[in-house]
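Engineer:
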Amino acid sequence: MSTQQQQQQGLDITTLPVQQLSQLQQRLSQELEHLSNSHARLRAAQARFKDCIRSIRDGVEGRKENTPLLIPLTTSLYVPARPTISSHPTVLVDVGTGYFVSKRTPDAIKFYNGKVDDLTRNLGDIERAVGTKNGDLRMVEEVLRGKVLSEQQGGGQGQKKEGD
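Going by our numbering, 151 is the number at position 146 of the sequence shown; the sequence numbering is gapless.
1. Using a beta-carbon distance below 8 Å, is L40 in contact with chain C?
2. The ligand FAD and S27: does any heavy atom of the ligand fall closer than 7 Å to the residue's C-beta?
3. So, using beta-carbon positions, are I131 and L40 closer together than 8 Å?
4. Which same chain residues end up closer than 8 Å to G15 when comparing Cβ atoms and leaving out the 5 residues on each side of it in sequence?
5. Does the beta-carbon distance from L128 to H44 come in below 8 Å?
6. Starting from V23, trace the beta strand (DSSP E) in both directions and tell me its first and last residue.
7. Expressed to the nearest angstrom, what Euclidean distance is found between the alpha-carbon atoms of L142 and K108?
8. Going by other Cβ atoms of all chains shown within 10 Å of its Cβ, with 16 needed for buried, is A49 buried or exposed?
9. Would you kindly report the start and end of the unbroken beta strand (DSSP E) that includes R109?
10. Report the rounded CA-to-CA distance for T79 versus P111, giving the unit in angstroms.
11. Which word fits F54, buried or exposed, when buried means at least 16 other C-beta atoms lie within 10 angstroms of its C-beta?
12. Tell me I76's beta-bridge partners as DSSP assigns them.
13. Identify which residue in G159, K152, E147, T137 has its Cα closest to the Cα of E36.
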């Protein structure tokens, strides 16, 4: 549960003991790390879709028939091909989980642009969530730091009084 959710439910984090604040800080750090990893994976997927668009534009559109061409199967594996270009060339489009669909090049580009747009929206959502989690984490860290300092100062004064 985020600090915002806690505050909306009426829980004041300044009333939590140090141990619970520390646990909350750890959980927020883990959530932030997970969101950051998700963001990186979505960015990589977005880059792959943009590469697909670029491959269609550079490799298929405007090519003459029987021109040698390398088709990417993975990021490091290419197979040679000699396309037969018609007035409406088609390409195989990976639609997920190992399924491929034959599409005309404009439709394939439109499909991949849609994927890029979806990922852009998802990335925006994740970036907002990361910003919120960062704010929550900073707030918890400030409260935790203040409590630890006050305990140290209070504990140190108590020890001086006992030693006098």
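Glycine included, each C-beta is placed from N, C-alpha and C at the ideal position.
Structural biologist: Let me spell this out:
1. The chain inventory of the structure shown lacks chain C, comprising one protein chain alone.
2. This structure simply doesn't include the ligand FAD, nor any ligand for that matter.
3. Mapped onto the sequence shown, residue 131 falls at position 126. Mapped onto the sequence shown, residue 40 falls at position 35. Yes, these two residues count as a Cβ contact at 8 Å.
4. Counting from 1 along the sequence shown, the entry for residue 15 is found at position 10. Any reading at G15 needs caution, since the residue's pLDDT is 49, under 50, leaving its predicted position unreliable; the model's value is listed next. Result list for G15: empty, nothing under 8 Å.
5. Along the sequence shown, read from residue 1 onward, the residue named residue 128 stands at position 123. Along the sequence shown, read from residue 1 onward, the residue named residue 44 stands at position 39. In this structure, H44 lies closer than 8 Å to L128 by Cβ.
6. For this step, residue 23 is matched to residue 18 along the sequence shown. Segment 23 to 64 is the alpha helix (DSSP H) holding V23; no beta strand (DSSP E) there.
7. The residue given as residue 142 occupies position 137 in the sequence shown. The residue given as residue 108 occupies position 103 in the sequence shown. C-alpha separation (whole angstroms): 47 Å.
8. For this step, residue 49 is matched to residue 44 along the sequence shown. When all chains shown are included, A49 counts as exposed.
9. Locating residue 109 in the sequence shown gives position 104, counting from the first residue. That run of the beta strand (DSSP E) goes 104 to 109.
10. For this step, residue 79 is matched to residue 74 along the sequence shown. For this step, residue 111 is matched to residue 106 along the sequence shown. If you take the alpha carbons of T79 and P111, they lie about 22 Å apart.
11. Indexing the sequence shown from 1 puts residue 54 at position 49. It is buried - the Cβ of F54 has at least 16 other Cβ atoms within 10 Å.
12. Position 71 of the sequence shown holds residue 76. Looking at the DSSP assignment, I76 forms a beta bridge with V84.
13. Sequence index remark: in the sequence shown, residue 36 carries index 31 (1-based). Considering only alpha carbons, the answer is T137.
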